[in-house]
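In UniProt numbering, the protein residues as written are 7 to 891.
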Ligand code: ARG
Ligand code: ZN
């Protein structure tokens, strides 16, 4: 059924306290829940309706007396409820071992874990499982002591001890009222890395990272990241750790990255465990940011939570913004910060932009959903973060900090809405560029789609003025034909043709206001007149990606070259490199002719590669061609094979033309000494890996054997996973002969480390051409003894890699890729609907495909749709794909 935001009603009852007792048994766990309830006086009298799924109810008591109840669908209904406050006791069982959906209480590797967001608590016991019902929890866990020596839940440990029959218990109490989605328990044979810290406020805290025996040495980075997060949140936003004990737990079967349960964060091991030998630089960075993200939720999400699930971006957009700011502050200097920003924008464009123009397009605050789990999306998270960033751009950094402070003063301990957040930031900054346009700004929450901004400048030599005209247009998205103009902050600078930054003076001002400023577009069309300009400037617009829009600035290659060489904004320098490449690739794809790189482009890329001052990390990003998905987004009709061919042609021409420079870059970026994942070292490794892949690629053309040999050697001898995987991937992408023994050797080396074997599957799933047999190979790998659909990381590593990140192998004229997709979606749906539904989204953009792909895709979608007992998760995605026709 479709849930609508406008239908929100406050709950008829409040649950003030919950006492939970768990008798943990993998096959059948007994749950006893004793709650104190009261009627919500603001809501008309009615029955008590509790949520519950896949539960076996044993008894229901009110004030100690058995009461009659009925069950309707996923609700347990009690019609006769006292008017006064009352005690409700429910006993039920659930089956953790059978819970392959990994929502609610489940087992993984013989231990118990929970995942309750969004609606998993109702799979543990009957409850008002909605975020605006906040209660104080006391939790008693009982289990076999030998099998489950560690018993954890939220908050503080009150008591623990032994029981009869080899069992033991632990009693936990969380002093903060919380919604049920933040409940967690863990029971198993785990070990912990511990660290005591004293915060600024002078309080002592115990930090613990729990993992399986044997993984302890891979938790150092997570612990360091946690400590850094605690320090940062206190320093930047004045938000301290509010619990005596803060626990983090790793689990290998987990649907998402991690979960912010109060005081007991639970992590996918892929987002927690790292050692130089087994994790790449990208893994280290991802772990740092996810550990921070979950920790930051303690304030933005837990202390102030969401009134209803439509407000999800209230906590997610804000917390992603905070983790992005944290990563930038951790990175250090201006250049490293810019690299973070470029990576975030690249990810946004690769995942959120296609979502915003596809079948599942939805506003940052959706209006309807069938299955809330389908809305943990790049739009809610990453676009939501861009919206929060625009608040900061409009009110300034200090203004934003003031706004956040007011938000907590007003709403600590409450379940609120995105409107409440907007109101607090605006109220703390009266008269600001935000507050004067707040209603218009909030269209970012209600209108789906990526706004298109067109910018054109006219220089008047006689008047020495430059008139910049900006127009905006947001294309139609499902259910939203016509859009209104949005508030678009455009950070900009002007450069002379020689690349000098020019003072910015708007008509009517007595003097220039610096070399960079933010102008605000809030109408369909507006002009801005800059004065005192002696010659025609080159505009550098949307610096730092100041708004999540698609910009058409009409700049020529010559202008882009000026920006690439001279722009003070590193983001726009990178953007110029991408635009130069994109123009060439799109021209080839559109004309259907073979791509031939011109010397102007090649020399520009050579200049970047040879540049004496640019960081290696920046060079790597500038010399990496735009992704095939992003290129597809620029075209009305998409032929994935044509795009792939153009990108491959560009890559091999760059490999050949810059051969000497790649050698130079490879040699110059070797790191002596031990491994550290800092931005400078990881930038060097990234550039060395890119150079190596180019050299191996060029060897395939020239017949050179030296570089493939060196790559193999490096693969064998590498002291860390970043270099090892880089060398392996260079071989797998361009040298089938050496790829085989290297892949076999890699598997042999790491066969006992699941997270590394995931990389082994993922590399093969993502490789466009492995001896022309990528697709056949993936199909074959589904039969590999290490492969299973039951573990989400493993399923994603192979299946999603092919269907979502390997367009050239997936989109086949014989339709076999789509047939495979349909089979896997159906197989996964029977095990884990959330994971199935994510894979289903590989077809979001099927309507833009050229023939024969388009018809074949539709047929595959219809095959999935024809399955009668599809989960609501997959059903929603598939229905919307069909509707987008
Ligand atoms: N709140 C978690 C995070 O952002 C994600 C949990 C999502 N869970 C889900 N079933 N969709 O870190
Ligand atoms: Zn989150």
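Beta carbons: idealized from backbone N, C-alpha and C, even for Gly.
Every value quoted in this text rests on a predicted model; they were computed, and no experiment measured them.
To the nearest whole angstrom, what separates the beta carbons of residue i and residue j, a pair I think is in contact under 8 angstroms?
| i | j | result |
| --- | --- | --- |
| residue 718 | residue 744 | 5 angstroms |
| residue 548 | residue 561 | Rounded, the Cβ-Cβ distance is 12 angstroms, inconsistent with contact. |
| residue 493 | residue 390 | Contact flag wrong, Cβ pair sits at about 16 angstroms. |
| residue 720 | residue 667 | In fact, because the Cβ distance is near 19 angstroms, the residues do not count as touching under 8 angstroms. |
| residue 798 | residue 841 | 5 angstroms |
| residue 137 | residue 312 | 5 angstroms |
| residue 656 | residue 631 | 6 angstroms |
| residue 83 | residue 129 | 18 angstroms between Cβ atoms; not a contact. |
How far does the beta strand (DSSP E) with residue i in it reach, from first residue to last?
| i | result |
| --- | --- |
| residue 481 | Looking at the DSSP string, residue 481 is not in any beta strand (DSSP E), and its letter there is neither H nor E. |
| residue 174 | 173-185 |
| residue 20 | 19-29 |
| residue 57 | 54-57 |
| residue 162 | 162-168 |
| residue 40 | 35-45 |
| residue 199 | 196-204 |
| residue 95 | 92-100 |
| residue 707 | No beta strand (DSSP E) holds residue 707; the alpha helix (DSSP H) holding it covers 685-708. |
| residue 230 | No beta strand (DSSP E) holds residue 230; the alpha helix (DSSP H) holding it covers 226-243. |
| residue 13 | No beta strand (DSSP E) contains residue 13, which DSSP labels as neither H nor E. |
| residue 545 | 544-547 |
Name the DSSP beta bridge partners of residue i, please?
| i | result |
| --- | --- |
| residue 251 | 212 |
| residue 78 | 81 |
| residue 422 | 312 |
| residue 143 | 24 and 180 |
| residue 150 | 173 |
| residue 133 | 57 |
| residue 477 | 460 and 531 |
| residue 65 | 97 |
| residue 374 | 10 |
| residue 118 | 113 and 193 |
| residue 4 | Within the shown structure, residues of the chain are numbered from 7 to 891, placing residue 4 beyond reach of any answer. |
Within the continuous alpha helix (DSSP H) that includes residue i, where are the two ends?
| i | result |
| --- | --- |
| residue 409 | 390-417 |
| residue 346 | 340-353 |
| residue 1 | The displayed coordinates of the chain run from 7 to 891. Any statement about residue 1 would go beyond what the structure contains. |
| residue 291 | 287-302 |
| residue 762 | 760-772 |
| residue 329 | 318-337 |
| residue 502 | Where residue 502 is concerned, there is no enclosing alpha helix (DSSP H), given that its DSSP letter is neither H nor E. |
| residue 578 | 576-597 |
Taking 8 angstroms as the threshold (C-beta atoms), are residue j and residue i in contact?
| i | j | result |
| --- | --- | --- |
| residue 151 | residue 167 | no |
| residue 768 | residue 646 | no |
| residue 892 | residue 611 | Given that the chain is displayed from residue 7 to residue 891, the structure contains no residue 892 and the question cannot be resolved. |
| residue 185 | residue 140 | yes |
| residue 785 | residue 826 | yes |
| residue 500 | residue 543 | yes |
| residue 450 | residue 370 | yes |
| residue 119 | residue 37 | no |
| residue 458 | residue 478 | yes |
| residue 484 | residue 594 | no |
| residue 397 | residue 406 | yes |
| residue 223 | residue 281 | yes |
| residue 944 | residue 44 | Absent from the model: residue 944. The displayed extent of the chain is 7 to 891, so no value can be given. |
| residue 376 | residue 878 | yes |
Any beta-carbon of chain B closer than 8 angstroms to the one on residue i?
| i | result |
| --- | --- |
| residue 405 | Judged by its chain identifiers, the structure shown contains no chain B, having just a single protein chain. |
So which of the options has the shortest CA-CA distance to residue i?
| i | options | result |
| --- | --- | --- |
| residue 200 | 228, 190 and 191 | 228 |
| residue 658 | 673, 600 and 694 | 600 |
| residue 829 | 799, 855 and 865 | 865 |
| residue 232 | 203, 22, 642 and 438 | 203 |
| residue 240 | 10, 20 and 207 | 207 |
| residue 497 | 515, 406, 526 and 175 | 526 |
| residue 317 | 469, 436 and 11 | 11 |
| residue 249 | 577, 885 and 301 | 301 |
| residue 807 | 821, 505, 847 and 535 | 847 |
| residue 936 | 17, 66 and 104 | The requested residue 936 is not part of the displayed model; the chain covers only 7 to 891. |
| residue 273 | 428, 850, 859 and 257 | 257 |
| residue 267 | 226, 180, 342 and 224 | 180 |
| residue 334 | 298, 55 and 320 | 298 |
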